[in-house]
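Written below as structure tokens is the structure these notes are about.
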Amino acid sequence: MTAVAESPDLIKLPVSRLALGMYVTAIDQQGKVTVVNAGLLKHKDAITHLVKSGIRFVWVDAEKSLPGSGLKKAGSTASLRGKDKVKFGAGAKTKTKLGLAPNQMRQQKAKNLLFEAKGLIRKVLGEVFEGKAIEVAPFEALADNLIESVMSDAGAMQFASALRSKDAYLLEHSVNVAVLLVTFGRHLGFDATTLKQLAVGGILHDIGKIKVDNQILHKPGKLSEEEFEHMKLHQVYAIDALAEAPDLHQISKDVCLMHHEKLDGRGYPNGLKGDEIPLHGRMSGICDIYDALTATRCYKEAMSPASAFKILLSLTPHHLDQKLVYEFIRCVGVYPVGSLVELSDGRVGIVWETNGREVRQPIVKCFYSLKLKRYTQVAYVDLLKSELEIERGVTPGALEVDPSPFY
Ligand SMILES: [Fe+2]
């Protein structure tokens with residue numbers, strides 16, 4: 008390790024991940040670090056020049072980078088959306104010993120898909136707001152793509168879901184619930200047609216929130232009784248909106264209208280009880296709560312999957328179906344792709360690949376040391392071949408640094 012790498016704010020990045028506003032301090036050529044004219048990246052030409060010069064990695068100072076560049080903890084989520092569009096360049100073509108390039112490409116495909124999905128949802132939500140009927144065809148095409156992607160690589164899709172932004176939450180949440188429903192449905196052995204109907208339902212499940220008062224919708228913290236009653240109206244609005252969509256399959260409608268129903272009959276909008284809530288309606292409640300708990304919002308940090316599972320179990324058997332919650336935990340896994348873990352040597356990393364492995368032996372992309380309280384050189388640790396093990400799952404909030412540049 009060189010002196011350059013020992014500052015806690017310095018991060019080694021592939022040139023393909025560089026963005027305007029980042030503060031470059033050094034370039035790395037075949038492991039040899041050269042200090043350059045340090046400065047802010049203000050023009051795209053500078054990045055093009057680095058690529059043309061054959062430079063593959065640079066060192067960037069997170070502290071000196073601008074808030075919009077994606078490296079600062081504060082406000083960094085805004086830049087994540089831009090990063091959805093980033094194409095993998097030379098860095099991705101470089102196969103690591105673990106052969107991660109195809110994985111990165113699948114993840115990029117999944118990210119692009121989510122980006123498109125968000126655009127589509129934004130458009131449809133806008134139309135509903137203007138009082139137009141919901142057109143089903145674009146949702147079905149989107150659902151097809153979601154399923155194709157989840158079918159070919161559930162890990163990649165979960166990974167993309169882990170990249171959430173604090174704002175535009177409604178859009179993000181809708182797509183995430185759809186992805187979770189398809190992943191869960193696939194785990195339970197549903198056929199492709201049903202998965203498609205689940206996905207459509209998931210994407211539309213909170214459509215009624217577009218008519219909820221913005222101040223209540225975005226209120227940080229607990230709602231008053233009166234505000235909660237208003238929030239509950241989103242399911243009444245949803246009934247109206249879905250009545251305008253005659254082509255929508257009953258399963259999609261149920262997913263949308265039953266995600267707040269509870270087995271003991273204390274849910275809303277219809278207070279359905281026990282068997283009145285079919286399997287896909289019960290699944291939608293589990294996916295909705297899980298995603299809400301594990302999301303980062305402006306007023307709360309994301310909860311780890313393990314803590315969210317505990318809460319889901321505490322809601323059984325009165326609200327949620329216990330057997331189904333256990334199945335959901337088996338399906339998502341304690342350390343899903345995209346979640347953060349601490350290894351036994353104190354390093355923290357992102358669960359990068361789990362395909363065909365034991366739960367506790369994924370490939371982990373390490374980038375930070377909790378012991379040293381600073382970034383470390385990025386390393387892919389294959390726990391199948393390493394003596395290290397997972398110590399515990401960690402939440403992004405516990406890190407005191409922003410993990411998003413490493414996704
Ligand atoms: Fe809802």
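With the sequence shown counted from 1, adding 7 to any position gets you my numbering.
Glycine included, C-beta positions come from ideal geometry on N, C-alpha and C.
In the DSSP assignment, what residue or residues form a beta bridge with residue i?
i	result
P21	F64
S376	R354, R381
A386	C373
V348	G356, G400
V31	G46, V67
Determine the direct distance from the alpha carbon of residue j to that of residue i, and round the result to whole angstroms.
i	j	result
L390	Y382	20 Å
E365	N119	29 Å
E398	F413	20 Å
L347	T301	12 Å
K260	A148	17 Å
A315	R367	18 Å
V58	V219	48 Å
H267	G292	6 Å
A250	L279	19 Å
G192	E394	35 Å
F235	Q222	12 Å
R289	L121	25 Å
L322	L270	10 Å
A252	L73	45 Å
P312	E142	35 Å
E123	M112	16 Å
F374	I284	45 Å
S23	G46	18 Å
M238	I246	14 Å
G208	Y30	44 Å
S231	L178	25 Å
I214	R63	44 Å
E70	A405	19 Å
E233	L379	48 Å
I296	A33	45 Å
A309	A144	34 Å
H241	L264	10 Å
A199	L188	12 Å
L7	V358	Because the chain here runs from 8 to 414, residue 7 falls outside it and cannot be looked at.
G274	P403	32 Å
V408	F335	30 Å
Y333	L20	39 Å
L211	V243	14 Å
I217	V65	43 Å
C294	P410	24 Å
N183	D298	7 Å
G7	L331	A query on residue 7 cannot be resolved here, the shown segment of the chain reaching from 8 to 414 and no further.
Q115	G272	42 Å
I128	D352	43 Å
Sequence-ordered residues whose beta carbon comes within less than 7 Å of a heavy atom of ligand 1:
H212, D213, K216, H241, Q242, H266, H267, D295
Please list the segments of the alpha helix (DSSP H) lying wholly inside the stretch 175-217, counting only runs of 4 or more residues, in order along the chain.
176-194, 199-211
Please go through the stretch 253-336 and give each complete alpha helix (DSSP H) segment of 4 or more residues, from N-terminal end onward.
257-264, 286-301, 312-321
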